[in-house]
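Residues 5 to 651, numbered by the numbering used here, are exactly what the sequence shown covers, in order.
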Amino acid sequence: MKKALVAALTAATLLAPASAFAQVGDESGDERIVAAREALRKGDRATLERLAAVREAHPLDAYPRYWLLINRLARADEPVPVAAVQAFLAEEAGSNLGERLRAEWLRRLARDGDWRGFLDAYADLRNPDAELRCNAWSARVLSGDRSVLAELAREWDTLADADAACDTPLRAAVDAGAVDEERVWWRIRRQIDTRKPEAALASLALLPAASAPAATDLGQAIRSPAPWLDRLPPNFAVTRAGRELALAALVRLAREDVAAARLRLLRIQDRLGAPERNYAHLALGMHAALDRLPEASALYAAAGDIETTAQQRAWRVRAALRIGDWQAVRAAIEAMPAEEREAPDWIYWLGRAHAAAGRRDAAESVYVRIAGEPHFYGMLAREELGEAFPPPPASAPLPRAKLEEAERDPGLQRALALYRLDLRAEALREWVWGVRERDEQFRLAAAHLALRNELYDRAINTAELANPRSNFELRFLTPYRDLVEPQVRAQGLDLGWVYGLMRQESRFVVPARSSVGAQGLMQVMPATGKWVADRIGLVGYSQRLLTDPETNVLLGTSYMRLIMEGLDAHPVLASAGYNAGPGRARRWRDAAPLEGAIYTETIPFDETRDYVKKVLANAVIYSAMLEKQPQSLKARLGTIAPGAASE
5 MKKALVAALT AATLLAPASA FAQVGDESGD ERIVAAREAL RKGDRATLER LAAVREAHPL
65 DAYPRYWLLI NRLARADEPV PVAAVQAFLA EEAGSNLGER LRAEWLRRLA RDGDWRGFLD
125 AYADLRNPDA ELRCNAWSAR VLSGDRSVLA ELAREWDTLA DADAACDTPL RAAVDAGAVD
185 EERVWWRIRR QIDTRKPEAA LASLALLPAA SAPAATDLGQ AIRSPAPWLD RLPPNFAVTR
245 AGRELALAAL VRLAREDVAA ARLRLLRIQD RLGAPERNYA HLALGMHAAL DRLPEASALY
305 AAAGDIETTA QQRAWRVRAA LRIGDWQAVR AAIEAMPAEE REAPDWIYWL GRAHAAAGRR
365 DAAESVYVRI AGEPHFYGML AREELGEAFP PPPASAPLPR AKLEEAERDP GLQRALALYR
425 LDLRAEALRE WVWGVRERDE QFRLAAAHLA LRNELYDRAI NTAELANPRS NFELRFLTPY
485 RDLVEPQVRA QGLDLGWVYG LMRQESRFVV PARSSVGAQG LMQVMPATGK WVADRIGLVG
545 YSQRLLTDPE TNVLLGTSYM RLIMEGLDAH PVLASAGYNA GPGRARRWRD AAPLEGAIYT
605 ETIPFDETRD YVKKVLANAV IYSAMLEKQP QSLKARLGTI APGAASE
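The following block contains the structure:
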């Protein structure tokens with residue numbers, strides 16, 4: 005944020021009726037909002053104050069006042085403008101801006117250490133984020149509320165990646181004995197086995213001083229696990245800290261090289277206790293499963309009945325799927341907590357395990373629980389019962405009164421006004437707030453409103469929010485067909501698959517840009533765009549053309565064709581390759597033919613695994629709608645041919 009602004013508005017100014025104000029300056033309407041946003045960006049205090057003082061009948065009238073107030077709150081050298089904030093909150097009660105200003109006020113109160121004021125203001129916050137939730141716990145702890153300690157103990161296992169604002173309440177829970185030393189060690193173990201193991205260094209402070217290893221030692225074990233293990237002193241196992249450092253190094257090494265970690269475990273396992281050996285085998289088992297190694301199931305078995313996370317339990321199932329051990333698949337799913345077993349993934353694979361053992365009636369009784377649902381596993385379960393996915397029925401028309409209610413809704417009006425001004429981030433927040441906690445018919449009306457305004461992502465997401473089992477004509481739109489269909493024919497692709505991928509990539513938002521730089525309707529990376537342009541002989545290519553829908557579709561569909569040609573013309577491999585790169589899609593194959601559904605389930609990247617499932621399910625739905633014929637997901641998944649030995 006630019007240099008924050010010094011405030012001049014008073015509470016009286018904020019509460020005064022619009023008629024009490026004269027127009028200040030020449031800006032009004034959209035021009036005033038754009039000018040205020042630019043003043044905020046530039047840190048132009050005088051202009052923002054002037055524009056905030058204006059009141060007019062405009063959907064975004066409150067925005068300049070909001071922008072001014074959040075800048076006042078950001079100034080640590082300026083007192084909190086309590087009266088002005090409270091006046092705005094009263095005027096904007098229940099609105100998106102009211103909620104966001106309250107959140108910023110709470111952040112300022114937390115920075116100032118005003119915990120009593122924080123608790124008073126927090127009571128009316130409707131949707132706290134992780135930081136504010138942690139701050140609320142801190143406020144309660146520091147205010148002497150001991151009931152929060154039991155709450156923290158119940159939540160402990162979910163807080164391994166908690167915001168730094170949780171440090172104070174976590175420390176309090178440990179100091180009060182609500183969380184014992186063993187739970188702290190498990191927190192550290194789970195933090196070590198992540199992409200950000202450095203978080204475990206901060207958790208060392210939660211251990212008693214006599215029990216904690218030096219942070220420098222843990223840091224070295226994490227950064228250089230193989231040398232650390234090779235230099236272990238003979239007496240390393242005398243203390244819990246020494247054994248935990250060895251386990252930390254084993255886990256970090258397993259993330260790089262399971263075989264190397266397994267070899268070093270064999271060298272030291274006699275000096276570890278049984279629970280510690282079990283934990284080491286569990287960690288190695290999960291990483292072996294992620295690497296699709298056949299020994300993963302045996303490593304899991306060696307872990308015994310040690311405590312596991314949801315991720316570890318999921319990969320135990322996947323390890324058994326990869327080697328076709330259906331008895332182990334069933335045992336691993338049935339050992340999950342009841343809530344996890346209810347996920348469609350595990351319902352389907354449990355049915356398959358029953359079927360593999362010849363228990364057809366048991367399998368069908370499982371399949372039928374999800375067979376009517378229009379998602380990846382619902383479609384597969386439906387096919388196991390002998391029915392392909394049919395063209396979905398049309399939805400009933402909405403009452404005109406509902407459509408008019410959505411058109412009049414202040415939150416949606418603000419969102420549309422912000423989209424018109426290309427303030428997309430602000431618009432998205434308004435839209436999401438406007439449809440939350442609303443009934444199905446209102447959300448459907450909002451989706452129709454979005455479609456009329458060519459806000460395809462909002463139409464799709466809002467219809468999905470309304471009812472994920474219907475509203476197909478809103479949830480599976482086919483915009484830009486005049487650009488897409490000619491390219492699909494020219495590239496020899498399947499229209500349903502192309503639309504299924506585009507829907508997942510961008511929801512048809514032309515200016516969409518990912519966190520890694522992918523752009524446009526088909527989310528083409530700049531380097532990929534250049535490579536494809538060179539391959540197809542596109543003259544005059546430059547990166548700015550990625551935002552042009554026609555060029556983006558040309559490059560995206562050409563890339564899909566090129567990937568298909570290099571990946572056995574298989575849509576599963578090509579979908580995985582589009583998301584994670586063709587090289588990875590090849591490496592994830594097996595030495596023997598592999599069922600496409602099992603290949604998909606055992607993709608080691610969470611994002612790519614979810615992506616492939618959604619793209620293929622989207623493709624089935626689009627094809628059923630476009631061709632008006634039942635479609636088979638199993639046929640699309642097919643069989644994945646073996647990979648080369650060098651992959």
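C-beta atoms are modelled at their ideal positions from N, C-alpha and C, and glycine is treated no differently.
Taking the beta carbon of residue i as the centre, do at least 16 other beta carbons fall within 10 Å, making it buried, or is it exposed?
i    : result
R193 : buried
T162 : exposed
R320 : buried
T220 : exposed
S151 : exposed
G500 : buried
Q508 : buried
A22  : Bear in mind that a pLDDT of 39 at A22, under 50, signals an unreliable position, so the model cannot answer this.
Q331 : exposed
Q635 : buried
K617 : buried
A278 : exposed
L641 : buried
E53  : buried
T243 : exposed
P99  : Here the sequence assigns Ser to residue 99, which means Pro is not the residue at that position. By the 10 Å Cβ count, S99 comes out buried.
V239 : Per the sequence presented here, residue 239 reads as Asn, with Val not at that position. Counting Cβ neighbours within 10 Å, N239 comes out exposed, since fewer than 16 surround it.
R404 : exposed
S518 : exposed
A410 : buried
E458 : exposed
A214 : exposed
D197 : buried
V502 : buried
E430 : buried
F122 : buried
Q633 : exposed
A253 : buried
What residues match up with residue i in a beta bridge as DSSP calls it?
i    : result
L598 : I644
E517 : A small fix is needed here, since residue 517 is Arg in this sequence, not Glu. Note: R517 sits in a beta bridge opposite Q523.
Q331 : None, per the DSSP bridge assignment.
F393 : Q635
Taking residue i as part of the alpha helix (DSSP H), name the residues at either end of that continuous run.
i    : result
E343 : 342-345
R320 : 314-326
H285 : 278-294
F380 : 380-388
Q417 : 414-424
W437 : 428-439
A375 : From DSSP, A375 is part of no alpha helix (DSSP H); its letter is neither H nor E.
F92  : 86-95
T532 : 530-540
R36  : 33-46
D349 : 348-360
E103 : 100-116
P68  : 67-78
A339 : A339 -> no alpha helix (DSSP H), and no H or E assigned at all.
Taking 8 Å as the cut-off, is the CB of residue i close to at least one heavy atom of the ligand GDP?
i    : result
L641 : This structure simply doesn't include the ligand GDP, nor any ligand for that matter.
Under the assumption that residue i contacts residue j (Cβ atoms under 8 Å), give the Cβ distance between them as a whole number of angstroms.
i    : j    : result
T606 : R322 : 5 Å
E103 : N131 : 6 Å
P553 : L598 : Actually they do not touch by this definition, with Cβ atoms about 37 Å apart.
H3   : L297 : The first residue shown for the chain is 5 and the last is 651, placing residue 3 beyond what the model contains.
M383 : V89  : Between V89 and M383 the Cβ distance is about 51 Å, and since that is not below 8 Å, they are no contact.
I644 : G600 : 6 Å
A449 : L481 : That pair is no contact at about 16 Å.
A225 : L249 : 5 Å
R593 : G647 : 3 Å
N471 : E444 : 6 Å
F512 : Y484 : 7 Å
V183 : A143 : Between A143 and V183 the Cβ distance is about 19 Å, and since that is not below 8 Å, they are no contact.
V84  : R112 : 6 Å
In chain order, each alpha helix (DSSP H) run of at least 4 residues that lies wholly inside the region 455-504: Within the region 455-504, the complete alpha helix (DSSP H) runs of at least 4 residues are 460-470, 476-479, 485-495.
Inside the region 123-193 only - alpha helix (DSSP H) runs reaching at least 4 residues: Within the region 123-193, the complete alpha helix (DSSP H) runs of at least 4 residues are 134-146, 151-159, 171-179.
Runs of alpha helix (DSSP H) lying entirely within the region 549-588, each at least 4 residues, in chain order: When DSSP assignments are scanned along the region 549-588, the uninterrupted stretches of alpha helix (DSSP H) that are 4 or more residues long and fall wholly within it turn out to be 553-570, 575-584.
Every unbroken beta strand (DSSP E) within the region 211-258, with a cutoff of 3 residues, ordered by chain: Entirely contained in the region 211-258, not one beta strand (DSSP E) run reaches 3 residues.
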